[in-house]
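Asker:
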Amino acid sequence: MTLARQAVRAIAPDPALIGAGLALVTLGLMMIRGATADDGWTLLASPTVRQALYFGVGLLAFLMLRRTDYHLLQRWALWVYLASAAALVAVLVVGTDAHGARRWIDIGPVTIQPSEFAKLATAAALAAVAARRDPSRLGVAFTLAIVAAPAALVLAEPDLGSTLTLGILWVVLVAVWGVSWRILGGMALVAVAILPILFIGVPD
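Following this line, the structure appears as structure tokens:
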């Protein structure tokens, strides 16, 4: 059964989930503040303030997307995915080298990390495919290809953490999708064989 055919009902925001998220953000800001010295920065130059601003932007985006019809997101998922893949290719060509990795693109005063956008784009693409297809072996292989393309580009930067995040997105998708335990077990065995190689050979 496709995800689109499964019963879906609107629910109120989960107070526990929202509270946990706010607690994690607060803890993160406190840790950033404690780990950085106050050398007379201006307000906007403070890492703590910048991180708080990023949280505000992310919260605003969350509230906007929450009010957006998911069918609209579904229609644009492929194009957003392709754009994020193009950005991952661009970072390998014109990206900025830092600490032995090429993960960022400088656009004037702004530095962006395409792998972060790729996570969201890949999640949207996976959801769009699962909404239209049954969880057959062919469908699972198709979703694996969707994840493998950006994961390979991110791994080439290299960025092991983001690569593993993309893999986790796929695992969550196939689990929610209703893939058989036999297929899930086979994937788990493959993952156990590959993960040690990644941890040893790829810097984070």
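Mapping of the sequence shown onto the working numbering: residues 9 to 212, in sequence order. Even for Gly, the Cβ is constructed at its ideal location relative to N, Cα and C. Bear in mind that the values here come from a model prediction, so they are computed numbers and not experimental data.
Mind listing, in chain order, the continuous alpha helix (DSSP H) runs of no fewer than 4 residues lying wholly within the region 74-144?
Answerer: Those alpha helix (DSSP H) runs which fall completely within the region 74-144 and span 4+ residues are 78-102 and 122-140.
Asker: Give every residue of the same chain whose Cβ lies closer than 6 Å to the Cβ of Pro-122, excluding the five residues on either side of it in the sequence, and list them in chain order.
Answerer: Residue mapping note: residue 122 aligns to position 114 of the sequence shown, counting from 1. Only Ala-95, Leu-96 and Val-99 meet the Cβ criterion.
Asker: Do you know whose CA, among Arg-145, Ala-69, Ala-136 and Ala-201, lies nearest Tyr-78's CA?
Answerer: Within the sequence shown, the letter at position 70 stands for residue 78. Cα-wise, what sits closest to Tyr-78 is Ala-136.
Asker: Using the C-alpha atoms, what's the distance from Thr-44 back to Ala-129?
Answerer: For the purposes of this step, residue 129 is identified with residue 121 of the sequence shown, where counting begins at 1. For the purposes of this step, residue 44 is identified with residue 36 of the sequence shown, where counting begins at 1. Taking the straight line from one Cα to the other gives about 32 Å.
Asker: Is DSSP giving Pro-158 helix, strand or coil here?
Answerer: Indexing the sequence shown from 1 puts residue 158 at position 150. Of the three classes helix, strand and coil, the one that applies to Pro-158 here is helix, per DSSP.
Asker: Shorter than 8 Å from the beta carbon of Ala-135 to some beta carbon of chain C?
Answerer: Within the model displayed, chain C is absent; a lone protein chain is all it includes.
Asker: Helix or strand or just coil, what does DSSP make of Gly-193?
Answerer: Within the sequence shown, the letter at position 185 stands for residue 193. Helix.
Asker: For Thr-132 and Leu-177, which I take to be in contact (beta-carbon distance under 8 Å), what is that distance rounded to the nearest angstrom?
Answerer: Against the sequence shown, residue 132 aligns to sequence position 124. Against the sequence shown, residue 177 aligns to sequence position 169. Contrary to the premise, residue 132 reads as Ala rather than Thr in this sequence. Wrong, their Cβ atoms sit about 10 Å apart, outside the cutoff.
Asker: Using only the alpha-carbon positions, how far apart do Ile-26 and Tyr-62 sit?
Answerer: The residue given as residue 26 occupies position 18 in the sequence shown. The residue given as residue 62 occupies position 54 in the sequence shown. Distance between the alpha carbons of Ile-26 and Tyr-62 is about 17 Å.
Asker: Hey, how far is the Cα of Val-162 from the Cα of Leu-81?
Answerer: Taking the first residue of the sequence shown as position 1, residue 162 is located at position 154. Taking the first residue of the sequence shown as position 1, residue 81 is located at position 73. Distance between the alpha carbons of Val-162 and Leu-81 is about 24 Å.
Asker: Asp-167: buried (16+ other C-beta within 10 angstroms of its C-beta) or exposed?
Answerer: What you label residue 167 is simply residue 159 of the sequence shown in a count that begins at 1. Asp-167 is buried by the Cβ-count criterion.
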